[in-house]
Amino acid sequence: MRLLYILLLLFLFSLIKCNQQEIFLNEETPIGTIIFDLNSLSNISITYQLLESSSLLLFNSTTNYISILKRIDRDILCPYDENCSKCHITIKFYDMFNHKILLLIFNINDINDNSPIFSSNTYSISLTENNIPGIKIRLSKADDIDCISNGVQLYELTYILHGHVIISSINILYNQQNQTINQPFYLLYDINFDLYLIINQTLDRELQNEYIFTLTANDYSHTISTKLILTVLDVNDHIPKFSQTIYSINITHSTPIGTILLKVTAYDLDLDYNGKIYYSLISIDGYILCPYDENCSKCHITIKFYDMFNHKIL
């Protein structure tokens with residue numbers, strides 16, 4: 056018998072028509088704001104019975120007003136909805152006069168209330184010198200928990216070149232660039248939504264071993280910046296050189312064995328292991344340098360040296 060009663064109630068409820076009303080509401084609307092008046096749905100006074108409610112909203116059965124009870128933050132209600140599909144709150148009433156179910160759907164609009172955030176204040180990247188122009192280095196993007204339309208719209212790259220401030224920018228929403236490929240560095244936003252730094256020149260560590268950029272993200276209401284440090288790595292591309300092209304000394308035939316005659320110095324612009332220099336004397340036949348030079352004209356010894364990749368100077 057009890058089961059039949061429940062089934063009968065379910066059947067009767069299924070016969071009741073349901074009206075639906077959509078209301079659009081901005082997130083962060085102040086607490087206490089009246090957001091809907093049920094009296095606006097009819098010209099006569101109707102009593103509504105609350106069937107389903109929300110902890111964020113308050114229904115006043117005396118006035119039929121619905122107001123905000125607690126803070127409404129769309130980014131908390133729908134944290135993974137960056138494409139801004141519908142995020143809503145629903146309330147269900149029973150219309151005691153018309154014997155209908157009334158469903159109110161409050162669609163929560165996103166507002167630009169969050170600033171972009173970079174995960175670090177400084178990012179370090181590196182590239183070996185003598186690179187081929189056009190190399191891409193993937194950059195970390197800024198995060199913005201607002202919807203895409205209120206998220207990051209613009210990236211700017213700022214750096215100093217030859218005493219001049221260079222700014223290149225790219226609008227990622229429309230993929231519009233305010234920059235030129237003739238610039239040595241510029242930004243690229245590809246179809247996979249990845250952000251890249253384009254190195255459009257061949258770098259030379261011996262001319263400049265480090266570049267410092269400021270990367271700025273802008274959602275047109277907030278901006279945030281981070282620092283990019285590009286370190287140019289060394290390759291063994293320089294030949295060692297002596298500090299002098301010729302060394303000349305005078306000695307007598309009686310100079311004692313072991314006497315230090317001359318100190319020579321070579322240098323290499325390459326770094327660390329690539330700049331390490333090895334010295335050696337070219338082989339000399341015996342101990343007599345110039346056995347047939349009776350007129351004592353100049354007699355010389357040649358020194359050679361190598362760096363690690365056998366660059367040599369004689």
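So that you can map any letter, position 268 of the sequence shown is 323 in our numbering, and since no number is skipped, the others follow by simple counting.
Cβ atoms here follow ideal geometry from the backbone N, Cα and C, with glycine treated the same way.
Worksheet item: With contact counted as at least three CB pairs below 8 Å, one residue from each stretch, are the segment 288-298 and the segment 324-335 in contact?
Response: yes
Practice prompt. Give, in chain order, every unbroken run of the beta strand (DSSP E) that is at least 3 residues long and sits entirely within the segment 69-146.
Written response: 73-81, 89-92, 103-107, 112-115, 120-123
Fill in: Unbroken stretches of the beta strand (DSSP E), 3 residues or longer, contained in the segment 243-306
250-254, 265-273, 278-288
Worksheet item: Where does Pro295 land, buried or exposed, given buried means 16+ other C-beta within 10 angstroms?
Response: buried
Practice prompt. Flag Asp292 as yes if its beta-carbon sits less than 8 Å from any beta-carbon of chain C, otherwise no.
Written response: No chain C appears in the structure shown, which is made up of a single protein chain.
Fill in: Between the CA atoms of Lys147 and Leu111 - distance to the nearest angstrom
14 Å
Discussion item. By the three-class DSSP mapping on this structure, what secondary structure does Tyr328 have?
Written reply: helix
Discussion item. At the level of alpha carbons, what is the spacing between Ile131 and Cys73?
Written reply: 30 Å
Discussion item. Output needed for Tyr251: all residues of its chain with C-beta closer than 6 Å, excluding positions within five of it in sequence on either side, in chain order.
Written reply: Lys191, Arg193, Leu243
Discussion item. Applying the 10 Å Cβ sphere with the 16-neighbour rule, what's the burial state of Asn247?
Written reply: exposed
Worksheet item: With burial defined as no fewer than 16 other Cβ atoms inside 10 Å of the residue's Cβ, what is the status of Gln263: buried or exposed?
Response: exposed
Discussion item. Please identify the residue among Tyr322, Ile306, Thr271 whose C-alpha is closest to the C-alpha of Ile315.
Written reply: Ile306
Practice prompt. Using the Cα positions of Asp92 and Leu283, report the straight-line distance between them to the nearest angstrom.
Written response: 54 Å
Worksheet item: Looking at C-alpha atoms only, which residue of Thr145, Asp199, Asp292, Pro134 is the closest neighbour of Phe114?
Response: Thr145
Fill in: Classification of Tyr210 by the beta-carbon crowding that lies within 10 angstroms, buried from 16 upward
buried
Discussion item. Within 10 Å of its beta-carbon, does Met89 have 16 or more other beta-carbons around it, so buried, or fewer, so exposed?
Written reply: In the sequence as presented, Met is not what sits at residue 89; that position holds Ile. So Ile89 ends up on the exposed side.
Worksheet item: Can you give the beta carbon distance from Asn205 to Asp165, rounded, assuming they're within the 8 Å contact cut?
Response: 6 Å
Worksheet item: Based on Cα-Cα distance, which residue from Thr278, Phe268, Glu265, Asn186 lies nearest to Ile172?
Response: Thr278
Practice prompt. Kindly identify the DSSP beta-bridge partner or partners of Ile215.
Written response: Val220
Worksheet item: Which residue from Ile163, Ser122, Ser108 puts its Cα closest to that of Asn81?
Response: Ile163
Worksheet item: Bridge partners of Thr183, per DSSP?
Response: Leu288
Worksheet item: From this set, Ile254, Asn273, Tyr275, Ala272, which residue's C-alpha is nearest Tyr266's C-alpha?
Response: Ile254
Worksheet item: Opposite Leu209 in the DSSP bridges: which residues?
Response: Asn226, Asn273
Worksheet item: Rounded to a whole number of angstroms, what is the C-alpha to C-alpha distance between Leu212 and Ser224?
Response: 6 Å
Worksheet item: How would you write the range of the beta strand (DSSP E) that Lys155 sits in, first residue to last?
Response: 155-164
Worksheet item: Does the segment 167-186 come close enough to the segment 100-109 that 3 or more CB-CB pairs lie under 8 Å?
Response: no
Item to complete: Verify whether the separation of the beta carbon atoms of Val207 and Asn273 is less than 8 Å.
Response: yes
Practice prompt. Specify the secondary structure class of Ile203 as computed by DSSP and reduced to three states.
Written response: helix
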